[in-house]
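Numbering (UniProt numbering), first residue to last: 1 to 577. Written below as structure tokens is the structure these notes are about.
Written as structure tokens, this is what we have:
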């Protein structure tokens, strides 16, 4: 009784009492989240009641893995996302997707409904546990794939922990984990704090250090005879694209993107040169980048698939690296000097530079394909053809495989966003991500979300098409039907049965998942170049207000050139002893 009385007194002292769950979801709304992904479970049910009260939409995915992929896609478009799962069984199903978000710097607030603090303190033998009384085992699993893990076990600390987690999620651009026990959901905390927004500003650099680094960068930049800019994924994730665009437009330097940086630059700019990926680069790009005497590398992630099998040939002696936690000039590293501030001052002070033009990529179909009389849809023909069909502001999602490597061969219109999971490379990611991306696009008034995925990848997460229909989303989905796991075939086992998949009637799944042909969805099957061209000329297809699904048939043993090179390098790496 004494404890209860003390609690009542503390609650009475609150200026604006608000329940913990309401506080959490209102904070998420404040930072831009409008839809919450996840699945219900008995340890999070009461918390879910607060989602509409905070002005948020509950998505309701078909499984937690897909929900995690969808939250990842949503965050890449909106800047941050929220995922709700239940203790143990739910969160472990989602952890693969959360790990991918951690790997690729994607900010997801993962909220896990857990048993009550009383049940945990008593070590009760509850369902969804390992039966050993350890209620921290799952949160401990998430520590390595979260930049913050907070257990909301005390109402007096809840608001502080929530604000800190959301801020770190945004600033570090990585997932955070919030455990919300059932008996904490309705505990009263101080709502007065909600009047003060969470501070999402990046911490400023030490001014003297920043000015010194800027002077060093400018010295080498003005001395360079043919500098270039290379933009990678972390320029997107760590929100430095405004500075990058100013640098590229003001300087006129040739600018290139990596595969993971695709979409970071306005590709209609006259100084855009294409995709650099070592041996897998667009025509003329490798020679131009590797002959440069200074490469301004912004947000680099030099993974195997991002470099076409570690085939970069750019010396650190001719590189300046800009990152979220340091700047490196040749072999001198300056820790805690964030790229945003440095780039702003470099842009302001740089003046005229020595410039040599770079290559000019186009969406021209290779002459061998143009001259061929074959109607078979090939990778080399399809991707530049598709590039001609894209529109400004499209969002293009590509599965790791033929689609991701093929998209390198397109030149985007203005303001196209590309989504792919090149580093983590979890098969099936793209279909799950598409749901989150399409939902974010709908909230932002972006008209077209376009998915390219392989038949093998699609089979892992096909159920998420159901959620897209349920949420009245209108993505255009291309499933590349080429009889299995193409990237694996080129790494090892071209004809091995383990790289085969059962052939499905893919477009029929739209009806199975509740889509009505011509009313809430439309399906297509294309097997020839002429059929693709006819489809791309169809204005109704290009602008339909509902989901569209295309079976796109390509040869089993055909793949983009860059995929073949990367697969060969991967096979060599796998065989190293």
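Beta carbons are placed, not taken as given, at the ideal position from N, Cα and C, and that holds for glycine.
Quick one: what's residue i bridged to in DSSP?
i	result
residue 301	Answer by DSSP bridge pairing: none, since residue 301 is not bridged.
residue 508	In DSSP, residue 508 forms no bridge with anything.
residue 46	Looking at the DSSP assignment, residue 46 forms no beta bridge with any residue, so it has no partner.
residue 85	112
residue 220	BP columns for residue 220 are empty, so no partner.
residue 237	The partner list for residue 237 (beta bridge, DSSP) is empty, contrary to what the question assumes.
residue 333	328
residue 578	Residue 578 lies beyond the stretch modelled for the chain, which goes from 1 to 577, so this question has no answer here.
residue 150	178
residue 517	521
residue 322	298, 327
residue 279	277
residue 492	DSSP output for residue 492 lists no bridge partner at all.
residue 58	36
residue 315	None, per the DSSP bridge assignment.
residue 229	255, 296
residue 18	189
Kindly indicate the opening and closing residues of the beta strand (DSSP E) around residue i.
i	result
residue 539	Careful: residue 539 lies outside any beta strand (DSSP E), inside the alpha helix (DSSP H) at 539-543.
residue 481	476-481
residue 110	108-114
residue 273	272-275
residue 454	449-454
residue 188	188-190
residue 382	Counting along the chain, residue 382 falls outside any beta strand (DSSP E), though it belongs to the alpha helix (DSSP H) covering 379-389.
residue 397	395-398
residue 582	Summary: the structure shown does not reach residue 582, with the chain confined to residues 1 through 577, and so no result is reported for it.
With a threshold of 16 other CB atoms inside 10 Å of the CB of residue i, please say whether the residue is buried or exposed.
i	result
residue 237	buried
residue 265	buried
residue 331	exposed
residue 373	exposed
residue 529	buried
residue 559	buried
residue 14	exposed
residue 125	exposed
residue 543	exposed
residue 208	exposed
residue 508	exposed
residue 457	buried
residue 328	buried
residue 137	exposed
residue 572	exposed
residue 386	buried
residue 438	buried
residue 348	exposed
Going by the beta-carbon positions, is the gap between residue i and residue j smaller than 7 Å?
i	j	result
residue 232	residue 258	yes
residue 175	residue 116	no
residue 67	residue 83	yes
residue 335	residue 363	no
residue 407	residue 398	yes
residue 427	residue 460	yes
residue 482	residue 545	no
residue 478	residue 550	yes
residue 186	residue 147	no
residue 104	residue 424	yes
residue 510	residue 523	yes
residue 618	residue 361	Because the chain in this structure spans residues 1 to 577, residue 618 falls outside the shown range and cannot be described.
residue 166	residue 198	yes
residue 144	residue 177	no
residue 469	residue 513	yes
residue 134	residue 106	no
residue 24	residue 108	no
residue 381	residue 371	no
residue 394	residue 320	no
Please list the terminal residues of the continuous alpha helix (DSSP H) segment that includes residue i.
i	result
residue 568	561-575
residue 548	Element bounds for residue 548: not the alpha helix (DSSP H) but the beta strand (DSSP E), 547-553.
residue 91	89-103
residue 73	64-78
residue 405	402-406
residue 163	155-172
residue 343	339-349
residue 122	117-122
residue 467	464-470
Q: Report yes or no: do three or more beta-carbon pairs, one from the segment 349-358 and one from the segment 374-382, lie closer than 8 Å?
A: no
Q.
Counting beta carbon pairs with one atom in the segment 255-273 and one in the segment 297-306, are three or more of them shorter than 8 Å?
A. yes
**Q.** contact_flag[the segment 21-29, the segment 50-57] where n(CB pairs < 8 Å) is 3 or more
**A.** yes
Q) Counting Cβ pairs, one atom from each stretch, are 3 or more of them under 8 Å apart for the segment 428-435 and the segment 63-77? A) yes
Q. Between the segment 214-233 and the segment 245-256, do three or more beta carbon pairs fall short of 8 Å?
A. yes
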